[in-house]
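Trainee:
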Amino acid sequence: MADKADKIEGSDAPLTSDQGVHARFQLGYAQSATNTFELDVDINIPGQGITAVFGESGSGKTSLLRCIAGLETNAFGSLQVNGELWQNTSMVVPTYKRNLGYVFQEASLFEHLTASGNLRYAIKRCNQIAKPELLNQVVSVMGIEGILSKHPLQLSGGERQRVAIARALLSQPKLLLMDEPLASLDTARKLEILPYLESLRSSFSIPILYVSHAVDEIVRLADHAVIMRHGKVVAQGAITELFSRADLPLGVGNEVGAILECKVIERDKHWHLMRVEFDGGELWLPNVENNQNTLQRVRVLASDVSLTLTPHTDSSILNVLSGQIAEIINDQDPAMSLVRLKVGASYLVARLTQRSLHKLALTLGDYIWIQIKSAAIVR
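Under the UniProt record's numbering, residues 1 to 379 are what the sequence shown spells out, in order.
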């Protein structure tokens with residue numbers, strides 16, 4: 001760990017692009033009399049859209065957000081947000097001057113104010129002149145038109161969190177930090193709020209850092225991800241690429257799988273199916289009647305993928321693709337292996353027993369037929 005007088009290597013070097021969030025931080029502190037924690041990160045994320053910060057508890061996700069917010073006064077490094085320098089080794093913009101929003105696990109609303117009063121307080125405190133249409137836009141995107149006159153104690157957990165997110169957006173932040181905003185909600189309330197979080201991507205052109213350790217949230221909301229382990233970044237990039245990497249902790253056991261970005265090309269009303277295409281072929285999926293989007297994100301679990309040396313035409317499995325074995329690694333279960341498969345420009349993952357792998361004599365580079373028993377629209 002660097003002493004206070006030391007510089008982080010390259011922390012004052014010119015950053016490669018004005019667009020995006022570029023952060024380099026080092027931080028160390030004692031967790032107990034015998035244990036210390038060290039954060040050592042270097043991230044580059046897109047200038048808009050949702051980036052998930054994913055990792056197990058204690059991996060440093062919240063510490064990273066606190067460094068970005070300027071709340072960790074002992075952190076050293078640099079931070080640039082879409083061309084604005086907020087920190088380096090010779091200057092630090094204080095937290096109250098960083099134009100960011102911060103949403104926590106618990107919605108910290110003013111109990112004596114209505115939902116509308118909480119929103120108007122944010123507008124009043126904002127250093128920028130609020131556009132007249134911004135309030136209406138935020139209220140509409142978060143779906144809180146019908147609860148504006150209610151006080152926080154009259155709202156459900158999901159409603160309170162939606163108001164808290166709306167309040168953060170009304171501060172017109174250049175960066176929005178969300179620290180496990182659904183962690184305190186039950187399953188029903190999570191399902192209630194997820195569609196509103198999805199709409200943030202297209203409605204607001206700002207970078208959003210979304211901390212979570214819930215795979216289902218990440219694959220639904222994020223386009224980009226930063227994977228953390230023991231205070232370090234082990235990978236960062238597009239969610240579709242990272243999720244199919246068998247060496248990363250994005251999925252464990254039955255949650256291991258892949259994400260495909262697909263386009264709907266046919267809806268078969270008779271069989272209640274829809275046909276989608278991606279850069280590796282086509283898939284038949286159950287039609288989602290209340291989801292008429294042309295573009296769909298599809299999740300394929302490794303446990304729903306089987307491999308065969310020859311194409312089977314006398315099978316109940318509708319989805320059969322050709323691909324190539326790109327990687328074989330041992331699963332956490334010693335009886336299982338994970339096989340990463342290149343299909344066009346995309347990747348799938350199959351979870352096979354070691355015995356099946358040996359029986360088929362599969363090796364790197366082999367061309368194989370891929371049977372997908374089930375796939376689901378991420379919704």
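Beta carbons: idealized from backbone N, C-alpha and C, even for Gly.
Which one or two residues does DSSP pair with H22 in a beta bridge?
Mentor: N44, Q80
Trainee: Distance, Cα to Cα, F25 vs T313?
Mentor: 55 angstroms
Trainee: Taking only runs of the beta strand (DSSP E) that begin and end inside the stretch 106-190, which ones reach a length of at least 3 residues, in chain order?
Mentor: 175-179
Trainee: Measure the Cβ-Cβ separation of V138 and A107 and say whether it is below 8 angstroms.
Mentor: no
Trainee: Using 8 angstroms as the cut-off, can you tell me whether the stretch 201-216 makes contact with the stretch 169-179, which would need three or more C-beta pairs spanning the two stretches below that distance?
Mentor: Yes, they touch.
Trainee: Checking 8 angstroms against the spacing of the C-beta atoms, do M228 and V219 come in under that value?
Mentor: no
Trainee: Give the DSSP bridge partners of M228, in chain order.
Mentor: V233
Trainee: Going by beta-carbon coordinates alone, are H213 and E56 separated by less than 8 angstroms?
Mentor: yes
Trainee: Which residues bound the alpha helix (DSSP H) around R340?
Mentor: Per DSSP, R340 belongs to no alpha helix (DSSP H); it is in the beta strand (DSSP E), 336-343.
Trainee: Name the DSSP beta bridge partners of G28, please?
Mentor: E38
Trainee: Below 8 angstroms on the Cβ atoms is my guess for L79 versus S63; work out the distance and round it to an integer in Å.
Mentor: Actually they are not in contact, since the Cβ atoms of L79 and S63 sit about 14 angstroms apart, beyond 8 angstroms.
Trainee: Is the beta carbon of G101 sitting closer than 8 angstroms to the one on L169?
Mentor: yes
Trainee: Cβ of C262 within 8 angstroms of Cβ of E241?
Mentor: no
Trainee: Buried or exposed, going by whether 16 or more other CB atoms sit within 10 Å of the CB of W271?
Mentor: W271 is exposed by the Cβ-count criterion.
Trainee: Specify the secondary structure class of V103 as computed by DSSP and reduced to three states.
Mentor: strand
Trainee: I'd like to check one pair, T89 with F76: are the Cβ atoms closer than 8 angstroms?
Mentor: yes
Trainee: Starting from F54, trace the beta strand (DSSP E) both ways and give me its first and last residue.
Mentor: 49-54
Trainee: From the DSSP output, in three-state form, read off A75 for me.
Mentor: coil
Trainee: Taking only the alpha-carbon atoms, compute the straight-line gap between E282 and K124 and give it to the nearest angstrom.
Mentor: 52 angstroms
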